[in-house]
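Undergrad:
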Amino acid sequence: MAVITMIEAQKRSGRYNVYVDGEYAFPVSESVLIDFSLFKGMEVDKELEAQLVDADNVAKAYNRALDYLSKQLRTEKEVRDKLADLEVPPETIDLTLQKLRELVLVDDAHYAASYVRTVMHTGDKGPRVIRQHLRQKGVGEKGIDDALTLYTPEERLAVGTAVAEKLAKRYHRQAFGTQQQKIRQGLLTRGFDNDDASKMLATLDLKPDVDQQHDLLVKQGEKLWHRYRTLSHSERQYKTKQALYRKGFNLDDISAWLADLGESAD
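Below, the structure is given as structure tokens:
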């Protein structure tokens, strides 16, 4: 039977070359060296050599995974995809992930809970967008559901209201109806549902600035009135009224402004 005749340290830390019957046979990591208790004079058959090679492949993949995990939390899918990109064989990836799970170095439930907490404290996303993100990361539905229980209605209201306040400042120079519509749409786009958006808008208790809204109406109305100048009076009035209403202005305010022009609002 073949015998290990020399174990030589490589220049690379933690790596060793194993010589069998006086000839170089295969490399191993320090962890494999220790796990298999390799020593000079130890007998090695083909089966053991294959086990050593497989174990070394896992050790190398494991170290690559650790490098990837050192930067931030990752899901199993992310680690699997990363190792696949590094051309690690699927069977080696499976064994590597098994080891990572045993050492709790990958834990999709922990990842999901951590992500939800981060969004609650520093983000602007609602449950629907969070769910979509976690699905893309490979987290299962149960893990997502469990993590989202942390995002209580009170927390959602606090986060969403802060988002709504920022959106209100962004759109404050628009017609009041449009401002409310865009705030709601912004909340829906960020993953809050319609009921939550309504509560957030109610919490803001927005009130139109009468003078500002009048100035905006006049400015927009004059542009539209000029645009439709080639139409008949009734058609011009209808088109202007319709366009201003679509822009979010109050219908009574539109009619009053048209009346001030000396035109019938009927």
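The sequence shown begins at 243 in this note's numbering and counts up one residue at a time.
Ideal Cβ positions, reconstructed from N, Cα and C, are used throughout, including at glycine.
Using a Cβ-Cβ cutoff of less than 7 Å, which residues in the same chain neighbour residue 299 once the five nearest sequence positions on both sides are dropped?
TA: 334
Undergrad: Could you name each continuous alpha helix (DSSP H) segment of 4 residues or more that falls completely within the stretch 422–484, going from the start of the chain to the end?
TA: 436–446, 452–469
Undergrad: Can you tell me whether residue 346 is buried or exposed? The criterion is at least 16 other CB atoms within 10 Å of its CB, across all chains shown.
TA: exposed
Undergrad: Since residue 421 contacts residue 490 with CB under 8 Å, what's their CB separation in whole angstroms?
TA: 7 Å
Undergrad: Which of the three DSSP states, helix, strand or coil, is assigned to residue 259?
TA: strand
Undergrad: Helix, strand or coil: how does DSSP classify residue 509 here?
TA: This structure cannot settle anything about residue 509, because the visible part of the chain is limited to 243 through 508.
Undergrad: Tell me, which residues are paired with residue 285 by DSSP?
TA: In the DSSP output, where bridge partners are listed per residue, residue 285 has 245.
Undergrad: Among 471, 249, 365, 351, which residue has its Cα nearest to the Cα of residue 281?
TA: 249
Undergrad: Ordered along the chain, which non-local residues of its own chain (more than five positions away) have a Cβ less than 7 Å from that of residue 338?
TA: 300, 303, 304, 307, 325
Undergrad: If I measure Cβ to Cβ from residue 399 and keep anything under 8 Å in the same chain, skipping five residues before and after, which residues do I get?
TA: 438, 441, 442, 445
Undergrad: Helix or strand or just coil, what does DSSP make of residue 330?
TA: coil
Undergrad: Name the residue from 327, 336, 329, 348 whose alpha carbon lies nearest to the alpha carbon of residue 312.
TA: 348
Undergrad: Can you tell me the Cα-Cα spacing of residue 390 and residue 456, whole angstroms?
TA: Between residue 390 and residue 456, the C-alpha separation is close to 44 Å.
Undergrad: Can you tell me which of 366, 353, 368, 410 puts its alpha carbon nearest to the alpha carbon of residue 385?
TA: 353
Undergrad: Beta-carbon separation of residue 328 and residue 358 under 9 Å?
TA: Inclusion of residue 328 and residue 358 in the CB contact set at 9 Å is not warranted, their separation being larger than that value.
Undergrad: In whole angstroms, what separates the C-alpha of residue 472 from that of residue 497?
TA: Answer to the nearest angstrom: the Cα atoms are 21 Å apart.
Undergrad: Per the DSSP calculation, residue 269 is bridged to which residue(s)?
TA: 259
Undergrad: Counting along the chain, where does the alpha helix (DSSP H) carrying residue 357 start and finish?
TA: Where residue 357 is concerned, the enclosing alpha helix (DSSP H) stretches over 350–364.
Undergrad: According to DSSP, residue 400 sits in a beta bridge with which residue or residues?
TA: Note: residue 400 sits in no beta bridge, so no partner.
Undergrad: Between which two residues does the alpha helix (DSSP H) holding residue 389 run?
TA: 383–390
Undergrad: State yes or no: is the C-beta of residue 370 within less than 9 Å of the C-beta of residue 435?
TA: yes
Undergrad: DSSP state of residue 303, grouped into three classes?
TA: Residue 303: helix per DSSP, three-state reduction.
Undergrad: Candidates 403, 278, 495, 285: which alpha carbon is nearest residue 293's?
TA: Per the Cα distances, 278.
Undergrad: Mapping the DSSP letters down to three states, classify residue 251 as helix, strand or coil.
TA: Residue state, collapsed to three classes: strand.
Undergrad: Do residue 417 and residue 388 have their C-beta atoms closer together than 9 Å?
TA: Contact: no.
Undergrad: Does DSSP classify residue 373 as helix, strand or coil?
TA: helix
Undergrad: Out of 262, 309, 273, 297, point me to the one whose CA is closest to residue 287's CA.
TA: Comparing Cα positions, the closest option is 262.
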